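Residue numbering for the sequence shown follows the numbering used here, starting at 537 and increasing by one per position. Have a look at the structure below before the remarks.
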Amino acid sequence: MSKKFKCILCGHLGGNITSHKPRDRKELSIVDCPECGHRQLFPLLSAEELIEEYNEDRTVRSTTVQIAPGSDFESMRKKFAEWTQIHADMYWDKLQKCKNVLNLGSGYGFLEEEFNNRSGKKFNIEGDDIGQFRIEHFVGGICHNINFMTDNIPDEMLGKYDLVMALHLLEHINSPVEYLRRLKPLLTENGSILIEVPNLEAFLCEISPEYKEFFYLYEHVSYFTSKTLAKVLEKAGYNIKKIYTKELYSIENHINWVRTGRPFIQYNQMFLPDGRLEFINEEYKKTIGEMGKGYALIAEAVI
Ligand SMILES: [Zn+2]
537 MSKKFKCILC GHLGGNITSH KPRDRKELSI VDCPECGHRQ LFPLLSAEEL
587 IEEYNEDRTV RSTTVQIAPG SDFESMRKKF AEWTQIHADM YWDKLQKCKN
637 VLNLGSGYGF LEEEFNNRSG KKFNIEGDDI GQFRIEHFVG GICHNINFMT
687 DNIPDEMLGK YDLVMALHLL EHINSPVEYL RRLKPLLTEN GSILIEVPNL
737 EAFLCEISPE YKEFFYLYEH VSYFTSKTLA KVLEKAGYNI KKIYTKELYS
787 IENHINWVRT GRPFIQYNQM FLPDGRLEFI NEEYKKTIGE MGKGYALIAE
837 AVI
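Structure, rendered in structure tokens:
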């Protein structure tokens with residue numbers, strides 16, 4: 537038990553240290569809250585440490601070729617191509633019904649670019665974050681640079697968005713309840729929030745002990761289950777419409793982890809190399825998603 541530990545979901549003091557360690561900072565711990573069951577990093581990084589980390593984009597780049605931060609967008613686009621395609625497919629139907637969308641933590645802006653290409657800019661998608669340069673110069677959309685934890689929401693953004701998306705963002709936030717609470721004024725009356733985070737209960741964590749350890753990294757403050765993700769939304773005052781999971785990675789990726797116990801970095805393992813094999817992958821991913829054990833844990837909620 538650590539005396540100084542405070543659960544970032546329920547505020548409980550004191551947690552149970554697990555055997556897990558962030559793969560890139562072994563001196564930090566992964567701790568379970570005995571009160572609400574939330575699993576989180578401890579101690580938390582300071583705001584300064586986080587800014588330094590994100591400016592250098594270390595985690596993403598450590599899994600790609602070593603290219604200097606902020607350079608070579610085409611390499612990054614290629615690296616993210618399958619990720620972008622899968623997410624555009626997942627949310628395409630939903631986005632087409634929207635007028636204004638805000639994608640938080642938009643990174644390089646590849647998803648905005650893909651949606652713009654598909655829709656012919658029929659809806660407006662805005663982003664924020666380090667993708668600012670790229671979005672404004674290449675994608676041609678609006679990109680904000682707002683820290684919603686500390687900054688006031690500009691008047692022109694109040695009540696504007698039918699959909700606020702936060703894909704793989706919430707797990708990085710030190711105060712997730714407060715953060716979600718502060719996003720509420722962005723939504724229209726019937727607007728919804730869409731959250732996607734890594735799933736602690738992922739099937740791959742069960743079948744590969746090595747992946748289970750790889751899953752923890754110090755940029756990720758929270759390790760959500762469907763139960764704790766629901767809790768954070770409820771505490772922030774949202775009404776949950778649904779929580780579900782989707783598997784993003786291919787059967788090849790899962791077999792590779794089981795066989796070698798290591799990540800495979802030569803190419804993305806989300807689709808199989810020949811479209812004629814894809815039916816196996818689709819069936820596998822669908823089954824895992826329906827078990828509630830897909831890598832992506834997704835929640836949709838309204839205010
Ligand atoms: Zn707790």
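Beta carbons are placed, not taken as given, at the ideal position from N, Cα and C, and that holds for glycine. Only a predicted model underlies this, so the values are computations on that prediction, with no experimental measurement involved.
Comparing alpha-carbon positions, the option among P734, F751, E788 lying closest to T764 turns out to be P734. Residue environment for V768: buried (at least 16 other C-beta atoms within 10 angstroms of its C-beta).
Distance from the CA of R718 to the CA of I689, rounded to the nearest whole angstrom, comes to 9 Å. Here T781 carries a strand assignment [DSSP, helix/strand/coil]. Using a cutoff of 7 Å, the CB of L545 counts as near ligand 1, since one of the ligand's heavy atoms is closer than that. Out of E725, I678, V757, the CA that lies nearest to the CA of I566 is found in V757.
Around R559, the same chain offers E749, F750, Y752, L753 as residues with beta carbons nearer than 7 Å, after the five sequence neighbours per side are excluded. It is roughly 6 Å from the alpha-carbon of F739 to the alpha-carbon of G830. In the structure shown, the three-state DSSP call for E585 is helix.
By the neighbour-count criterion, in which a residue is buried when 16 or more other Cβ atoms sit within 10 angstroms of its Cβ, M612 is buried.
If you draw a straight line from the Cα of K542 to the Cα of K821, it comes to about 36 Å.
Scanning V838, G797, A583, N652 for the CA closest to the CA of T686 turns up A583.
DSSP places R654 inside the alpha helix (DSSP H), whose first and last residues are 646-655. At a threshold of 7 Å, C741 does not count as near ligand 1, since its beta carbon sits no closer than that to any of the ligand's heavy atoms. With fewer than 16 neighbouring CB atoms inside 10 Å of its own CB, R798 falls in the exposed class. Where S786 is concerned, there is no enclosing beta strand (DSSP E), because DSSP gives it neither an H nor an E. As computed with DSSP, P734 is found in a beta bridge with A832. Annotation for G663: N639, S642, G645, E648, I671, C679 place their beta carbon closer than 6 Å to its own, counting only its chain and skipping 5 residues before and after.
For C572, same chain residues with a beta-carbon under 8 Å away, outside a window of 5 residues either side, are C543, L545, C546, H548, T764, K767 in chain order.
A contact between stretches requires three or more CB pairs, one per stretch, nearer than 8 Å, and the stretch 778-797 fails this requirement with the stretch 692-706.
Taking H623 as reference, the option from T781, L586, K777 with the minimal CA-CA separation is T781.
Judged by DSSP secondary structure, M701 falls within the beta strand (DSSP E) whose first and last residues are 697-703. Within the same chain, T781, K782, E783 come within 6 Å of G825 by CB-CB distance, once the 5 residues on both sides are set aside. The three-state secondary structure of L813, taken from DSSP, is helix. The C-beta distance from E707 to K778 rounds to 19 Å, too long to meet the 8 Å contact threshold.
Secondary structure note for L631: its alpha helix (DSSP H) is the uninterrupted segment 609-632.
Short note on E618: C-beta not closer than 7 Å to any heavy atom of ligand 1. A straight-line Cα-Cα distance of about 27 Å links S762 and A617.
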